[in-house]
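Just so you know, we're using numbering that gives the first Met the number 0 here: the sequence shown kicks off at 0 and counts up by one.
One structure is given below, encoded as structure tokens.
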Amino acid sequence: MQGNQENLELNQIQVSLAEFLRTYNKNIPTGFPRVTTTALKKFQTTHPALFKRNNMWSIDQHRKKVIDWFPSHRNES
Numbered sequence: 000m001q002g003n004q005e006n007l008e009l010n011q012i013q014v015s016l017a018e019f020l021r022t023y024n025k026n027i028p029t030g031f032p033r034v035t036t037t038a039l040k041k042f043q044t045t046h047p048a049l050f051k052r053n054n055m056w057s058i059d060q061h062r063k064k065v066i067d068w069f070p071s072h073r074n075e076s
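This is the structure:
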């Protein structure tokens, strides 16, 4: 049970783009494309409403949106 709580906290914590990139690529399923810094910056520019308060990222808030967005934009990065 404590492991689940730790995972929940890690998913909700706000992190830098570099840390989000590392965590995202480390935990994404094998068949999914890996993102790049350039792609994440493009995502951030495309979706400014997700970054209103600061430029921080969280797995909980951004992972699914990046998974949905990236395949159709991967040739742009």
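Here a beta-carbon is modelled for each residue, glycine too, at the ideal position from N, C-alpha and C.
Remember, predicted model here, so these are calculated numbers, not experimental data.
As assigned by DSSP and simplified to three states, the class of residue 34: Taking the sequence shown and counting its residues from 1, one reaches residue 34 at position 35. Three-state DSSP puts residue 34 in coil, outside helix and strand.
query: How about residue 11 and residue 67: are their beta carbons less than 7 Å apart?
result: Indexing the sequence shown from 1 puts residue 11 at position 12. Indexing the sequence shown from 1 puts residue 67 at position 68. No, the pair does not count as a contact, with Cβ atoms beyond the cut-off.
query: Is residue 46 buried or exposed, if buried means 16 or more other CB atoms sit within 10 Å of its CB?
result: Taking the sequence shown and counting its residues from 1, the one referred to as residue 46 is at position 47. Exposed, because fewer than 16 other Cβ atoms sit within 10 Å of the Cβ of residue 46.
task: With residue 62 as the anchor, note down where its alpha helix (DSSP H) starts and where it stops.
output: By one-based count along the sequence shown, residue 62 stands at place 63. For residue 62, the enclosing alpha helix (DSSP H) stretches over residues 58 to 68.
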